[in-house]
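Asks: In UniProt numbering, the protein residues as written are 1 to 357. In this text, a Cβ means the ideal position worked out from N, Cα and C, and glycines have one as well. Supplied in structure tokens, the structure appears directly below.
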DNA sequence: GTCCCGGTTG
DNA sequence: CAACCGGGAC
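See the structure below:
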């Protein structure tokens with residue numbers, strides 16, 4: 001099948017099936033960029049409300065650039081991959097303060113922006129500026145590998161390169177943005193990962209995978225995820241209406257988000273036995289009113305299974321001064337309910353806080 | 001429960 | 001090239 005026939009069929013399918021999404025039918029690079037960052041590693045249904053909230057809070061890149069980091073992170077709460085939010089803000093500031101508020105217009109320049117890789121640069125360049133550069137996301141891998149029978153490993157650097165080159169050989173010079181949207185939408189709705197309805201597909205006759213019975217095995221992806229088990233002992237320490245929190249550091253999950261003081265064990269046994277590691281320390285600084293064992297939460301991520309046990313310590317108001325000293329010596333913070341609400345927390349912590357009362 | 005999905009970065 | 005998150009399908 002020639003590139004022209006392929007793109008024509010994809011575009012025709014798109015004209016019949018395209019979803020009406022708020023970031024379509026705009027050429028505004030800010031809106032396109034925002035939607036693409038949110039949609040990285042994220043389904044449309046999950047990202048849509050976040051997109052709307054960001055756009056409502058920050059109608060322009062200037063608004064976002066001038067917003068406090070804490071607010072940017074809080075708006076991202078629950079969406080995952082929090083480095084995207086940090087990069088979003090850093091990029092907004094760069095564009096506002098360095099680029100004079102004007103988005104760069106070419107793939108070459110766009111790809112230099114923080115949080116903008118090959119895919120996102122191609123999306124912005126083609127959607128906003130009509131540059132004929134192919135987007136290659138998970139949808140495109142799937143469509144091209146099946147239709148044209150490309151069996152290269154999409155998890156490897158070399159495989160990705162082959163798909164990128166192939167995709168760029170297909171892209172029509174007129175309306176490349178429309179075509180890019182079309183092939184991704186085709187992958188998202190028609191050529192879906194599992195059990196696609198090939199009978200209704202306009203490319204069925206000429207599709208390699210369909211003809212060879214290889215729909216279930218293409219695209220080929222080598223990755224094997226090794227899941228790490230972790231055991232968190234959390235101390236939920238409250239004093240009056242205030243809560244002890246700490247900000248998570250670099251080099252681990254939930255970077256920059258807020259959770260509670262914790263001890264991590266390597267064995268489940270330790271988690272079950274070592275209940276009150278914080279008890280002694282807290283007991284030293286003042287009287288603990290109540291200690292309540294909460295049940296253990298199992299938090300499943302792709303690469304980690306986290307077993308989190310929460311113990312709630314209620315510290316007497318009379319020991320507040322001592323608690324404050326301990327909190328600051330450990331690099332923690334004692335915050336009121338309003339502040340706690342305003343900070344970005346991981347889903348696990350939100351689950352606990354919601355269930356706790 | 002288990003498996004699967006997905007862009008960028010250090 | 002491994003690490004980063006959460007949700008949805010089955």
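For residue 163 versus residue 189, is the C-beta distance shorter than 8 angstroms?
Replies: No, they are not a contact pair.
Asks: Rounded to whole angstroms, what's the CA-CA distance from residue 73 to residue 67? Just pull it up for me.
Replies: Cα to Cα, the separation comes out at about 10 angstroms.
Asks: Quick one: what does DSSP say residue 194 is sitting in, helix, strand or coil?
Replies: Coil, per DSSP.
Asks: Any chance the segment 256 to 271 sits against the segment 336 to 346, with 3 or more Cβ pairs inside 8 angstroms?
Replies: With a cut-off of 8 angstroms, the segment 336 to 346 and the segment 256 to 271 count as touching, because enough Cβ pairs lie within range.
Asks: Return the bridge partner residues of residue 396 from the DSSP annotation.
Replies: Because residue 396 is not part of the residues shown, which for the chain are 1 to 357, the question remains open.
Asks: Let me know the secondary structure DSSP gives residue 302 once reduced to three states.
Replies: Note: residue 302 maps to coil in three-state DSSP.
Asks: On the DSSP letters alone, give me the boundaries of the beta strand (DSSP E) that residue 335 sits inside.
Replies: Run containing residue 335: 333 to 335, per the beta strand (DSSP E) assignment.
Asks: To the nearest angstrom, how far is the alpha carbon of residue 329 from that of residue 293?
Replies: Cα to Cα, residue 329 sits roughly 25 angstroms from residue 293.
Asks: For the alpha helix (DSSP H) that contains residue 8, what are its first and last residues?
Replies: Element bounds for residue 8: 3 to 17.
Asks: Under the assumption that residue 179 contacts residue 192 (Cβ atoms under 8 angstroms), give the Cβ distance between them as a whole number of angstroms.
Replies: About 20 angstroms; that fails the 8 angstroms criterion.
Asks: Closest by CA to residue 301, which one among 32, 63, 79?
Replies: For the residues 32, 63, 79, the minimum Cα distance to residue 301 belongs to 79.
Asks: How would you write the range of the alpha helix (DSSP H) that residue 27 sits in, first residue to last?
Replies: Run containing residue 27: none; DSSP gives neither H nor E here.
Asks: Can you tell me whether residue 309 is helix, strand or coil according to DSSP?
Replies: If DSSP states are grouped into helix, strand and coil, residue 309 belongs with the strands.
Asks: Could you check what DSSP says for residue 330 in three-state terms: helix, strand or coil?
Replies: Coil, per DSSP.
Asks: Out of curiosity, what's the CA-to-CA distance linking residue 222 and residue 142?
Replies: The alpha-carbon atoms of residue 222 and residue 142 are separated by roughly 14 angstroms.
Asks: Identify the continuous alpha helix (DSSP H) that holds residue 157 and give its terminal residues.
Replies: Per DSSP, residue 157 belongs to the alpha helix (DSSP H) from 157 to 170.
Asks: Could you spell out where the alpha helix (DSSP H) holding residue 108 opens and where it closes?
Replies: Counting along the chain, the alpha helix (DSSP H) containing residue 108 begins and ends at 107 to 110.
Asks: Around the Cβ of residue 146, are there at least 16 other Cβ atoms within 10 angstroms (buried) or fewer (exposed)?
Replies: Its Cβ being crowded by 16 or more others within 10 Å, residue 146 is buried.
Asks: Check whether the Cβ atoms of residue 24 and residue 181 lie closer than 8 angstroms to each other.
Replies: Yes; because the gap between Cβ atoms is below 8 angstroms, this pair is in contact.
Asks: Which whole-angstrom value describes the C-beta separation of residue 62 and residue 101, a residue pair presumed to lie in contact below a C-beta threshold of 8 angstroms?
Replies: So it is a contact: roughly 6 angstroms between Cβ atoms.
Asks: Cα separation between residue 250 and residue 319?
Replies: Their Cα atoms are separated by approximately 32 angstroms.
Asks: Go through its chain and collect everything with a Cβ distance to residue 32's Cβ below 8 angstroms, but skip five positions before and after it.
Replies: So the list reads 23, 26, 123, 124, 127, 128, once near-sequence residues are dropped.
Asks: Just to confirm my understanding: we take residue 282, look at its own chain, exclude 5 residues before and 5 after, and list those with CB closer than 6 angstroms. What are they?
Replies: If we look at residue 282 and ignore the five residues flanking it on each side, its Cβ neighbours are 288, 313.
Asks: At the level of alpha carbons, what is the spacing between residue 307 and residue 267?
Replies: Taking the straight line joining both Cα atoms gives about 10 angstroms.
Asks: So if DSSP puts residue 239 in a beta bridge, which residue, or which two residues, is it bridged to?
Replies: Its beta-bridge partners are 242.
Asks: Taking just the CA atoms, how far does residue 305 sit from residue 298?
Replies: Each residue's Cα considered, the two are about 7 angstroms apart.
Asks: By DSSP, does residue 294 sit in helix, in strand, or in coil?
Replies: Three-state DSSP puts residue 294 in a strand.
Asks: For residue 89, count neighbouring Cβ atoms within 10 angstroms of its own Cβ and tell me buried if that reaches 16, exposed if not.
Replies: Buried.
Asks: Can you tell which of 303, 323, 262 has the C-alpha that lies nearest to the C-alpha of residue 286?
Replies: It is 323 whose Cα lies nearest to the Cα of residue 286.
Asks: Going straight from the alpha carbon of residue 15 to that of residue 9, what length do you get?
Replies: C-alpha separation (whole angstroms): 10 angstroms.
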